[in-house]
Amino acid sequence: MGIHDTTHDARALMLDAPVTYERADVHRVRDVLAKFPAQCRAAAELRPVPTPTFPRPRLVVVAGMGGSASSGDLLAGCAAERLDVPVIVHRGYGLPTLAGGRDLVIATSYSGDTAESLSAAEAALSRGCPLVAITSGGRLAALARERGVPRVTLPVGLMPRMALGYLFFPLLGILKSTDLHVSKGGEVEEAFEVIDALAGELGTARPTATNEAKRLAQGIGNHPPVVYGGPVTGTTAYRWKTDFEENSKTFAAAGVLPEMNHNEIEAWSGPLARELYLVLLRDREEGPEITRRFALLRELIGPSAAGVAEVSTRGGGYLARLLSLAYLGQWTSYYLAIVRGVDPWSVPVLDALKGRMRTDR
Ligand code: F6R
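If you're matching positions, the sequence shown starts at -1 in my numbering and goes up one per residue.
So, in structure tokens, the structure goes:
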């Protein structure tokens, strides 16, 4: 027993006291997260208007940034095993050189005012690519209106990263309309059920002793988290990293097995390792080679870290598995914000940079 344990206990007490949230979460992010299952269900009903009539594409490009791009990662993860058409997530200005008239471009920006996503939409129009926009408004909505681009209209009032359900589920319908079937019968319903169950397990009313997200945040504390996934969970590791950065305002790193076994693993022999908290994202279908690699990773670098935690996907289909893990990451980064005494909602530096990009010329 020592200072460390006392801090743990103090964090658990704090996370289990309703007054903590009244004080530390004035924007009520906890309500947004608790309503995530309802968000996903509502999102699955959203369709582009006017209805697109595009042929089956050669390639799908999801163009967006930050929280909006992350829905593309989720799509690519679910599509990888199922589609014979590649799904590329493009984060940046313009479009990849190979994107042309036979490819479907989906420009996704929650606010509709992200310069890079607008530039991608403009590039798609000038190259004659079939284009669909997903946005709550802004300049992307205006562009869609002016140019007759099919648009999925999202409700306003959320932070983009907290609109993951809204940004993701319409992608399934858009691809389906071009004869690309990412989810099989029953998989969407399974994902909803898994998310429903998790909402009950991870909310603020569930005590730390039985709440996986609170326990993780309690363990991570002031240590920068380093999140590693396998082939299926790798992109979700990146989503965890960005949620830690934006919600908890901490440095975080993410990597993927097996690649990190060939480079990043060596960094754990340095002195900084003692400060880092290792989080491993496991999946029951990761395969025996990856299972062995995770075991060896724990053995070789686990003792160097400040702490180690493992979490697993839930459910059978890719949709349920990846969404459940992303949802756990959202709650974990939320509680980490509370533990660290920072506002999980606002992103003032990010906003300042966007503002300066618009005004400084
Ligand atoms: C902020 C957030 C960011 C944004 C990004 C792009 O909550 O999640 O990562 O998603 O700055 O903005 P949008 O999504 O509006 O295009």
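We put the beta carbon where it would ideally sit given N, CA and C, even for glycine.
- Task: Enumerate, from N- to C-terminal direction, the unbroken alpha helix (DSSP H) stretches of 4 or more residues contained entirely within the segment 105 to 146.
- Result: 113 to 125 and 136 to 145
- Query: Can you list the alpha helix (DSSP H) stretches of 4 or more residues lying completely in the segment 147 to 212, in chain order?
  - Reply: 162 to 175 and 185 to 200
- Message: Which of the three DSSP states is assigned to Leu44 in this structure?
- Response: coil
- Message: Please output, in chain order, the residues near ligand 1 using a CB cut-off of less than 5 Å to any non-hydrogen atom of the ligand.
- Response: Met63, Gly64, Gly65, Ser66, Ser107, Tyr108, Ser109, Thr112, Met157, Pro158 and Arg159
- Cβ-Cβ distance between Ala131 and Ala105 below 7 Å: yes
- So is Arg356 buried or exposed if we call it buried at 16+ other beta carbons inside 10 Å? exposed
- Task: Check Arg54 in the structure and name its three-state DSSP category.
- Result: coil
- Message: So for Ser310, helix, strand or coil by DSSP?
- Response: strand
- Where His179 falls, given that 16 or more other Cβ within 10 Å makes a residue buried: exposed
- Item | Reference Arg56, options Arg204, Leu72, Val83 and Ala36, closest by Cα | Val83
- Query: Hey, would you say Ala215 sits closer than 7 Å to Leu326, going by beta carbons?
  - Reply: no
- Task: Go to Pro84, then tell me how far its alpha helix (DSSP H) extends in each direction, as first and last residue.
- Result: Taken as a continuous stretch (DSSP letters only), Pro84 belongs to no alpha helix (DSSP H), as it is neither H nor E.
- Which of helix, strand or coil DSSP assigns to His2: Here the model assigns His2 a pLDDT of 49, short of 50, so the residue's position is not dependable and the matter cannot be decided.
- Query: Would you call the CB atoms of Ala360 and Val87 closer than 7 Å?
  - Reply: No answer is possible for residue 360: the residues shown for the chain start at -1 and end at 359.
- Confirm, please, whether the CB-CB distance from Ala61 to Ser115 is below 7 Å. yes
- By how many angstroms is the C-alpha of Gly315 removed from the C-alpha of Pro128? 29 Å
- Message: What would DSSP say about Tyr226, mapped onto helix, strand or coil?
- Response: strand
- Query: Where does Ala22 sit, in a helix, a strand or coil, going by DSSP?
  - Reply: helix
- Thinking C-beta only, is Arg54 closer than 7 Å to Thr151? no
- Query: Beta carbon of Leu320, beta carbon of Thr234: below 7 Å?
  - Reply: yes
- Task: Output the distance between the C-alpha atoms of Tyr91 and Met63, rounded to the nearest integer angstrom.
- Result: 10 Å
- Query: Rounded to the nearest angstrom, how far is the Cβ of Ile336 from that of Asp23, given a contact under 8 Å?
  - Reply: 7 Å
- Task: Compute the distance between the beta-carbons of Val306 and Gly300, then report whether it is under 7 Å.
- Result: yes
- Task: In the DSSP assignment, find the unbroken alpha helix (DSSP H) run with Val337 in it and report its ends.
- Result: Tyr316 to Arg338
- Query: Do Leu13 and Thr206 have their C-beta atoms within less than 7 Å of each other?
  - Reply: yes
- Decide if Val347 is buried, meaning its Cβ has at least 16 other Cβ atoms within 10 Å, or exposed. exposed
- Message: Suppose you measure from the CA of Gly146 to the CA of Thr51; what does that come to, to the nearest Å?
- Response: 13 Å
- List the whole-angstrom C-beta distance separating Asp111 from Gly136, where the pair is believed to meet the contact cut-off of C-beta under 8 Å. 4 Å
- Message: So, under 8 Å CB-CB, Thr208 and Leu279 are touching, yes? Tell me the CB distance rounded to an integer number of Å.
- Response: Contact flag wrong, Cβ pair sits at about 21 Å.
- Can you name, in chain order, every residue of its own chain whose Cβ lies under 6 Å from the Cβ of Ser302, other than the five neighbours on each side? Trp266 and Ala271
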